[in-house]
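Residue numbers (this note's numbering): 6 to 178.
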């Protein structure tokens, strides 16, 4: 499976992370700058992801809906049925998580002690520690929004969000 956090431009990156069970390091991530992402009306993103879908045994590709909706539409038009749009702000399947993003980050947290990530990927390590969290009045986990992180001077966790997207929903293998 893979997770794709699509950039809206600027300093954020478009990142596609791959995970096969407990292995999130064997397939190297795909990264594009914010400028590359928007310069070609998302066509470069579509081309790179279509190549990955052909090259690797990807059972499901989960793409962040915020800026990735046109990418999902185009990949489906190209015949890729294993591409799924994920709304970070959408409902969680875990009653103790405020939204889908909190659920995915919680799943990723449970994966990390036993899973394998690239130990030389210092950017991913930094991003995994970037967002704060809280428990709201409904006793649900809330992950700090990217806008709040930017106000604190912390960069967008593009790689970490892409890895979190690999936990969007269970996938039969």
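We put the CB at the ideal spot given by N, CA and C, even for glycine. As the structure is a computational prediction, the values presented were derived from the model and not from experiment.
query	result
Report the CB separation of residue 136 from residue 148 in whole angstroms; it is logged as a contact under 8 Å.	5 Å
Helix, strand or coil: which one does DSSP assign to residue 90?	strand
May I have a chain-ordered list of the beta strand (DSSP E) segments no shorter than 3 residues that lie completely inside the segment 98-147?	138-140
When you compare only the Cα positions, how much space is there between residue 160 and residue 132?	8 Å
Residue ranges of each alpha helix (DSSP H) run of no fewer than 4 residues wholly in the segment 26-55, ordered along the chain?	39-44
Which residue comes first and which comes last in the beta strand (DSSP E) that contains residue 8?	7-10
With a CB to CB cut of under 8 Å and the five nearest residues on each side skipped, what residues in its chain are close to residue 117?	133
By DSSP, does residue 18 sit in helix, in strand, or in coil?	coil
Taking 8 Å as the cut-off, does the segment 159-173 touch the segment 104-111 (at least 3 CB pairs, one atom from each stretch)?	yes
Have a look at 16, 20, 13 and flag the residue whose alpha-carbon is nearest the alpha-carbon of residue 165.	20
Ends of the alpha helix (DSSP H) at residue 194?	Since the displayed the chain opens at 6 and closes at 178, residue 194 lies outside it and no answer follows.
Can you check whether the CB of residue 88 is closer than 8 Å to the CB of residue 80?	yes
Quick one: residues in its chain with C-beta nearer than 7 Å to the C-beta of residue 65, no 5 flanking neighbours on either side, listed in chain order?	6, 87, 89, 176
Quick one, are the C-beta atoms of residue 11 and residue 76 less than 8 Å apart?	yes
Tell me the residue span of the alpha helix (DSSP H) that contains residue 156.	151-156
Taking the alpha carbon of residue 128 as the point to measure from, which residue in 26, 34, 9 has its own alpha carbon closest?	34
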